[in-house]
Structures are given as C-alpha cells and as structure tokens.
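Q: Under the working numbering, the residues of the sequence shown are numbered 775 to 998, in order. Virtual Cβ for every residue (Gly too), placed ideally from N, Cα, C.
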Amino acid sequence: MNGARGLAPTRMNLLRARRRLDRVVKGKDLLRRKREALVAELFKLARPAADARTLIAERTRVAYPALLSALAHHGDARLRSMAWPLRELGVEIEPGQVWGVPVSDITGRPPLRRTLAARGTAPGSTGPAAAEAADQFELLADLLLGAAPREMLIRRLAEALGQTSRQVSTLELRVAPELVGQIASLRRTLEEREREEHLRLKHLIKAKKRSGGAGPANTGTGSG
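In structure tokens, the structure reads:
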C-alpha cells in the first residue's frame, strides 16, 4: 500500500510529517495573534482618523468657496500670478515598523499658515478674497499633512491584515488538513505492514515447529 502523495511509508517520513504539522500549528497561532494585534491597532487608529477626516471635510467646505470668491474677484491668471513662486515644503520623516509592517511618520515640518509678509506679497497687491483663500488652503494643507501618516498607516495595516487573514486561512483550510491526511495515511500503511509482518513471522514460526516435530523415518530391513 502506498503512502500519502507519493511519500514512502516509513517511520522517518511519519515523524517529519508530524513535525511539520507542529510547525504549521505554531505558525497559525502566531499569525492569529498578529491578526488580533493588527485589528486592535486599526481600532485604535479609527477614531482619530475619523475625527481628522471630519475636520478636513469641514475645512474643505470653507476653502473651496473662498477660492471661488477669489477667482471671481481676480480671475484665474491674476490669481496664479499672486501664487508665484511656488512654495517648497521640507518635512522630516522617520521610518518605523508596526508588527513587521513598514511605516513612516512625519516628525518635523514647518508651519504652513503664513502672514501676508511671509507669503512675499506686496501690500495692496492682493485683496481680502485672495488672502482668505490662501489662508484657508494653508489650513487645509496643514490638516492633510498631519493626517497623511495616519492614513498611510491605516492603509498598510489593512493590507497586512488581509494578507495575514489569507495566510491563516491557507494554513487552516489547506496545509494542516493535507498534513493530517498524510499522517493518517502513513500511520495506516505502517500499521498494516506491521500486522502483515507479524502474521508472516507467526506463520514462519508455526511452519518451523511443524517441520521440527516430525522425526526421520526408519528405513532398515530385517535379516532372513
């Protein structure tokens, strides 16, 4: 009788299959704990993320009407010239890991909201509508920049959670059952071989006893 999936039915292969099943069970338990930790981390981030999104939505509802008002007062070309030169922002990013998931956090950034003088605009060159639009969008950009690391972390944790859940399912539904089937098949084959070997030895012993119990035949002849 053949072993499971082409495995030779030997005690060594049975031992290897059992050891592999032990590793699979331990790995599955570790992945379950990782999944639980990822879920807990996501729940911890959910409320701050929701609050930040609410603030961003509220600021957006103020910023875009302010921009439309500035466009109405100055026109697109004039407003673009007021925005020149473009502003460059430098931020400090610190890499890290959460349960093996690579993440980054912004640890340093300049204040985004500026005065008219800090924007480099000449007094009287911009009206209140343009100044209000610039002010509102700097506030919006500040909120977006503050929320970006958290949003990235949530996305990566969610991806890791999905991957971990798939790994747990694979171990539970495919790998572990296959190993259990292999172990059962190998054990069954080895037990059958042992029974066959035991019966063979038993027959050999009986045959030996029968052959040993019969003495040699007397063939001598009498004298006349």
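Could you tell me which of S985, A904, P839 and S878 sits nearest to M926, measuring between CA atoms?
A: When only C-alpha atoms are compared, the closest one is S878.
Q: For P822, I'd like the list of residues in its chain whose CB is within less than 8 Å of its CB, leaving aside the five on either flank, ordered along the chain.
A: Taken in chain order, the residues that qualify are R924.
Q: Of all the options T938, A921 and A958, which has the alpha carbon lying nearest to the alpha carbon of A791?
A: With distances taken between Cα atoms, A791 lies closest to A958.
Q: Can you check the segment 862-920 for any beta strand (DSSP E) of at least 3 residues that lies completely inside it and give the ranges in chain order?
A: Whole beta strand (DSSP E) segments, 3+ residues: 866-872 and 875-882.
Q: Are three or more beta carbon pairs between the segment 906-915 and the segment 836-854 nearer than 8 Å?
A: Cβ pair count under 8 Å is three or more, so yes.
Q: Cα separation between V865 and A922?
A: Computed Cα separation, rounded: 12 Å.
Q: So the candidates are H972, R929 and L853; which of them puts its Cα closest to the Cα of V813?
A: Ranking H972, R929 and L853 by Cα distance to V813 puts R929 first.
Q: Quick check: the Cα distance between N787 and G920, rounded to an integer number of angstroms?
A: Taking the straight line joining both Cα atoms gives about 56 Å.
Q: Check whether the Cβ atoms of P869 and P876 lie closer than 8 Å to each other.
A: Contact flag set, yes.
Q: How should T900 be labelled, buried or exposed, when 16 other C-beta atoms within 10 angstroms of its C-beta is the threshold for buried?
A: Burial call: buried.
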